[in-house]
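Q: These protein sequence lines are chains E and C, in that order. According to the numbering used here, the residues represented by the first sequence are 1 to 75, in order. According to the numbering used here, the residues represented by the second sequence are 76 to 322, in order.
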Amino acid sequence: MEYEALKYIGAGLTTLGMFGAAIGVGIVFAAMLNGIARNPSAETKLAKYVYIGAGLSEAMGLFALVIGLILLFAV
Amino acid sequence: MTDKASHGPLHQFEIHYLSSFPDIGGLNINFSNASLFMVFAMILVTVFLAGGMRRKALVPSRWQSMSELTYEFVASMLKENVGPAGRKYFPFIFTLFMFIIACNLIGMLPYSFTVTSHIIVTFTLALFIFLGVIVIGFIKHGMHYFSIFLPEGTPWWMAPLMIFIEIAAYLARPVSLSVRLAANMMAGHTMLKVIAGFVIGLGWMLGWMPFILLTVLVGFELFVAILQAYIFAILTCVYLNNAIHLH
Numbered sequence: 001m002e003y004e005a006l007k008y009i010g011a012g013l014t015t016l017g018m019f020g021a022a023i024g025v026g027i028v029f030a031a032m033l034n035g036i037a038r039n040p041s042a043e044t045k046l047a048k049y050v051y052i053g054a055g056l057s058e059a060m061g062l063f064a065l066v067i068g069l070i071l072l073f074a075v
Numbered sequence: 076m077t078d079k080a081s082h083g084p085l086h087q088f089e090i091h092y093l094s095s096f097p098d099i100g101g102l103n104i105n106f107s108n109a110s111l112f113m114v115f116a117m118i119l120v121t122v123f124l125a126g127g128m129r130r131k132a133l134v135p136s137r138w139q140s141m142s143e144l145t146y147e148f149v150a151s152m153l154k155e156n157v158g159p160a161g162r163k164y165f166p167f168i169f170t171l172f173m174f175i176i177a178c179n180l181i182g183m184l185p186y187s188f189t190v191t192s193h194i195i196v197t198f199t200l201a202l203f204i205f206l207g208v209i210v211i212g213f214i215k216h217g218m219h220y221f222s223i224f225l226p227e228g229t230p231w232w233m234a235p236l237m238i239f240i241e242i243a244a245y246l247a248r249p250v251s252l253s254v255r256l257a258a259n260m261m262a263g264h265t266m267l268k269v270i271a272g273f274v275i276g277l278g279w280m281l282g283w284m285p286f287i288l289l290t291v292l293v294g295f296e297l298f299v300a301i302l303q304a305y306i307f308a309i310l311t312c313v314y315l316n317n318a319i320h321l322h
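1) Given that Gly55 of chain E touches chain C, what residues does it touch there, using C-beta distances under 7 Å?
2) Which class does Ile195 of chain C belong to by DSSP, given the choice of helix, strand or coil?
3) Can you name the residues that DSSP bridges to Ser107 of chain C?
4) Got a sec: which bits of the stretch 26-56 of chain E sit with their beta carbon under 9 Å from any beta carbon on chain C, in order along the chain?
5) Of the residues C:Val299, C:Glu241 and C:Gly228, which one's Cα is nearest the Cα of Ala262 of chain C?
6) Run down chain E in chain order and give the residues with a C-beta less than 7 Å from the C-beta of Val254 of chain C.
7) For Met76 of chain C and Phe172 of chain C, I'd like the C-alpha separation in whole angstroms.
8) Using a Cβ cut-off of 7 Å, which residues of the stretch 258-271 of chain C contact any Cβ in chain E, in chain order?
9) Can you list, in chain order, the residues of its chain with a C-beta nearer than 8 Å to that of His91 of chain C? Leave out the 5 residues immediately preceding and following it.
10) When you compare the CB positions of Gly53 of chain E and Ile306 of chain C, do they come within less than 7 Å of one another, or not?
11) Just checking Ala74 of chain E against the ligand FMN - is the residue's beta carbon closer than 6 Å to any of the ligand's heavy atoms?
12) Where does Leu102 of chain C sit, in a helix, a strand or coil, going by DSSP?
13) Spatial neighbours of Met141 of chain C within its chain, please: C-beta separation below 8 Å, excluding the five flanking residues on both sides.
14) Look at the alpha carbon of Tyr3 of chain E and the alpha carbon of Phe73 of chain E, and state the distance between them as a whole number of angstroms.
15) Could you compute how far the alpha carbon of Leu33 of chain E sits from the alpha carbon of Gly24 of chain E?
16) So with Cβ pairs under 7 Å, would you call Ala59 of chain E a contact of chain C?
17) How about Val274 of chain C and Phe286 of chain C: are their beta carbons less than 7 Å apart?
18) Figure out for me which residue from C:Met280, C:Met117, C:Leu102 and C:Ile195 has the closest Cα to the Cα of Arg255 of chain C.
19) Quick check: the stretch 197-215 of chain C against the stretch 237-257 of chain C, are there 3 or more CB pairs under 8 Å?
20) What distance in whole Å lies between the Cβ atoms of Val291 of chain C and Leu267 of chain C, which are believed to be in contact at a cut-off of 8 Å?
Right, dumping it as structure tokens:
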């Protein structure tokens with residue numbers, strides 16, 4: 001196959017990295033809902049950590065995007 | 076339609092030079108649009124803080140109370156993560172947090188340039204934090220600083236592998252810190268441009284559908300801008316805590 005075509009196929013395959021990010025963010029928010037359901041008064045304390053955790057987990061999916069962009073524009 | 080050539084979604088990240096000095100020592104020292112927006116961010120933060128504290132009232136006005144709230148926010152974040160020993164690093168963390176949040180928020184204005192979407196900007200910030208934390212660790216603990224690579228209670232036969240893994244995780248910190256901020260900004264703005272292209276492309280009959288999505292996404296991007304600045308600052312505090320109190 002041509003070099004150009006392989007680059008695009010590789011860039012398309014990097015989108016599979018979003019699976020991990022999606023599952024991770026889902027786990028973080030599921031834990032928050034569990035926590036609030038068991039102890040509603042802990043909502044403000046939990047909310048602080050939830051957004052940090054969601055941001056860190058989302059970043060993993062964005063690392064996959066960076067690999068895709070490198071493949072498309074810098075290789 | 077417009078008579079200018081249309082640009083793709085990545086055109087907004089291009090660097091344009093606003094001056095034309097010759098190269099000095101092979102380095103390009105021209106003033107670019109990135110530098111201009113960094114100056115805007117600095118002016119915004121200075122006006123926000125100095126303007127709020129103009130009238131140092133005991134019962135604060137609205138503007139003064141916003142300035143005091145941002146101070147209190149960063150101070151409590153530092154005290155919670157580093158403890159009292161972190162007090163002397165407050166100017167640095169505060170500058171870092173306000174610079175990143177100002178750059179991110181200015182980038183949300185139409186036709187502006189997001190400084191933190193370039194990996195070189197965020198990598199410079201993360202690299203200086205990484206090197207600074209190492210220097211602080213060595214000044215405080217001397218050669219004992221290397222003990223952060225071997226967690227307590229590991230069996231002797233796992234030690235070589237653990238040291239290797241811990242060094243790799245330690246070296247991944249500046250990379251992950253910088254790429255997280257740059258990729259969030261770049262991906263957000265690229266997505267906004269692509270969906271804005273749909274609004275124009277679908278015309279006035281169907282263009283309201285991507286427009287509603289665009290409105291929601293702008294709101295989300297404002298949230299992400301502030302959140303990513305907060306995550307950068309709080310991870311810096313965590314790394315600083317690791318260096319000062321070895322685990």
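Backbone N, C-alpha and C define an ideal beta-carbon position, used for all residues, glycine too.
A: Looking at the atomic coordinates:
1) Residue numbering aside, residue 55 of chain E sits at position 55 when the first sequence is read from its first letter. Neighbours of Gly55 of chain E on chain C, chain order: Leu302, Gln303 and Ile306.
2) Working through the second sequence from its first residue, we reach residue 195 of chain C at position 120. Residue state, collapsed to three classes: helix.
3) Counted from its first residue, the second sequence places residue 107 of chain C at position 32. When DSSP reads this structure, Ser107 of chain C sits in a beta bridge with C:Tyr92.
4) Residues Tyr51, Ile52, Ala54, Gly55 and Leu56.
5) Numbered from 1 along the second sequence, position 187 holds the residue referred to as residue 262 of chain C. Of C:Val299, C:Glu241 and C:Gly228, the residue nearest in Cα terms is C:Val299.
6) Within the second sequence, numbered from 1, the residue matching residue 254 of chain C stands at position 179. Per Cβ cutoff of 7 Å: Phe63 and Val66.
7) The count along the second sequence starts at 1 and reaches residue 76 of chain C at position 1. The count along the second sequence starts at 1 and reaches residue 172 of chain C at position 97. A caution first: Met76 of chain C carries a pLDDT of 46, below 50, which makes its placement in the model too unreliable to give a value.
8) Within the stretch 258-271 of chain C, Ala258, Asn259 and Ala262 place their CB atoms closer than 7 Å to a CB of chain E, listed in sequence order.
9) Counting from one through the second sequence, the residue named residue 91 of chain C turns up at place 16. Around His91 of chain C: Ser107 and Asn108.
10) For the purposes of this step, residue 53 of chain E is taken as the residue at position 53 of the first sequence. For the purposes of this step, residue 306 of chain C is taken as the residue at position 231 of the second sequence. Judged by beta-carbon spacing, Ile306 of chain C lies beyond the 7 Å limit of Gly53 of chain E, meaning their Cβ atoms are not closer than that value.
11) Judged by which ligands are present, the structure shown has none, so any question about the ligand FMN falls away.
12) In the second sequence, residue 102 of chain C corresponds to position 27, counting from 1. Three-state result, Leu102 of chain C: strand.
13) Your numbering for residue 141 of chain C matches position 66 in the second sequence. Leaving aside the five residues that flank Met141 of chain C on each side, the residues in its chain whose CB is nearer than 8 Å to its CB run, in chain order, Phe123 and Gly127.
14) In the first sequence, counting from the first residue as 1, residue 3 of chain E sits at position 3. In the first sequence, counting from the first residue as 1, residue 73 of chain E sits at position 73. Tyr3 of chain E and Phe73 of chain E have their C-alpha atoms roughly 14 Å apart.
15) Locating residue 33 of chain E in the first sequence gives position 33, counting from the first residue. Locating residue 24 of chain E in the first sequence gives position 24, counting from the first residue. Roughly 14 Å separates the two Cα atoms.
16) For the purposes of this step, residue 59 of chain E is taken as the residue at position 59 of the first sequence. Yes, Ala59 of chain E lies at the interface with chain C (some Cβ there is under 7 Å from its Cβ).
17) Your numbering for residue 274 of chain C matches position 199 in the second sequence. Your numbering for residue 286 of chain C matches position 211 in the second sequence. In this structure, Phe286 of chain C lies closer than 7 Å to Val274 of chain C by Cβ.
18) Against the second sequence, residue 255 of chain C aligns to sequence position 180. Residue C:Ile195 is the option with its Cα nearest to Arg255 of chain C.
19) With a cut-off of 8 Å, the stretch 237-257 of chain C and the stretch 197-215 of chain C count as touching, because enough Cβ pairs lie within range.
20) As a first step, residue 267 of chain C is located in the second sequence; it is residue number 192 there, counting from the start. As a first step, residue 291 of chain C is located in the second sequence; it is residue number 216 there, counting from the start. The C-beta distance from Leu267 of chain C to Val291 of chain C rounds to 11 Å, too long to meet the 8 Å contact threshold.
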